Every structure is written in C-alpha cells, then in structure tokens.
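Under our numbering, the first residue of the sequence shown is numbered 733, with each subsequent residue one higher.
Read the structure below first, then the notes.
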Amino acid sequence: MKDVIRYLRDTHRPEEAPVQLPDEQLLARIEEEHGIRLPAGLREFLLHVGDVERGRLEPVTVTDEGGYTYLPELMSIAWDQGVPRDLVVLCEDEGDFYLVGPDGAVVFWSCGGTGGLTEDRWDSVWHWAREEWLRF
Numbered sequence: 733m734k735d736v737i738r739y740l741r742d743t744h745r746p747e748e749a750p751v752q753l754p755d756e757q758l759l760a761r762i763e764e765e766h767g768i769r770l771p772a773g774l775r776e777f778l779l780h781v782g783d784v785e786r787g788r789l790e791p792v793t794v795t796d797e798g799g800y801t802y803l804p805e806l807m808s809i810a811w812d813q814g815v816p817r818d819l820v821v822l823c824e825d826e827g828d829f830y831l832v833g834p835d836g837a838v839v840f841w842s843c844g845g846t847g848g849l850t851e852d853r854w855d856s857v858w859h860w861a862r863e864e865w866l867r868f
C-alpha cells in the first residue's frame, strides 16, 4: 500500500483547481447524510490519495460537491443502474463502475447489455489502484 501511495503522490498532477484531501469528520458526514457505508479500504484510500488526479480513470472524491467524481452523486447514478446498496463506487468508467464491497474487495459492474457484476475482482482498493488505475 505504501509504495502505491508514494507512487501516486509522486505522479500526481493537479488541475487548475485541485481537489482537497478529506478528513475523518467529512467522511463520517458523507456516510450519515447520504446513507453510504464506506468500507475501511476505501476510507483509507480517500484519506491518503483522495485528491490525486492521474490518467484516464478518476476515482471518487468527497471534497468537491460540484465535481463529476463526487461520491454521493455517483452513488445515486449507480443505484439507479441497479447497483446494490452494500457496494460503494470507487470509480466510474464510461458508464460502468468499479465498486468496493463490505469485505474491501473491488468488483466491476457493467451497465451495458444485460448489466451487472462481471467476474473482474481485485482483493483491495490498493490492488485495484496498482493493477488498473496505474496502468492508464
């Protein structure tokens, strides 16, 4: 995990208006106000690299309510697409979603065709970051 965080921080290239890192209080407020339960791995991810902008994939953010990566907004879209409420959006990718389950594993939800969960799976948010996010 630490090597992924270090690499992401080193390759982070913020836009003109960079996103800020959240704190525990903000994450607790997001959970309470929007009925979202953040898995531990996603919480840790947001606290350490929730401001990183890198490549084509753009993980969720929680500090910019007007942003297109704002977690509560993406959760509403995902729920409308049939995503179960125990899965939390990590990243939207051209209408599909990488989601984090209560066990911390990341799965892929396809909204095209018949839709639903695919067989794609990563053991943790950090495995997903290394194998998917960093390759783009």
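Even for Gly, the Cβ is constructed at its ideal location relative to N, Cα and C.
Since we're looking at a predicted model, the values are computed, not measured.
As assigned by DSSP and simplified to three states, the class of residue i
i	result
V794	coil
L831	strand
G773	helix
D812	helix
R853	strand
L822	strand
Burial state of residue i, where buried means 16 or more other Cβ atoms lie within 10 Å
i	result
Y830	buried
E824	buried
R738	exposed
G773	buried
P834	exposed
R775	buried
A760	exposed
Cutoff 8 Å; reference residue i; Cβ partners in own chain excluding five residues on either side
i	result
I768	I762, L803, P804, M807 and V820
Cβ distance (whole Å) where residue i is taken to contact residue j below 8 Å
i	j	result
L740	V784	5 Å
V794	L778	6 Å
W858	V751	Not confirmed; about 20 Å, so no contact.
Spatial neighbours of residue i in its chain, beta-carbon cut-off 7 Å, leaving aside the 5 residues before and after
i	result
H744	V784, E785 and R786
Cβ of residue i within 9 Å of any chain B Cβ
i	result
V792	Absent here is chain B; the protein component of the structure consists of one chain.
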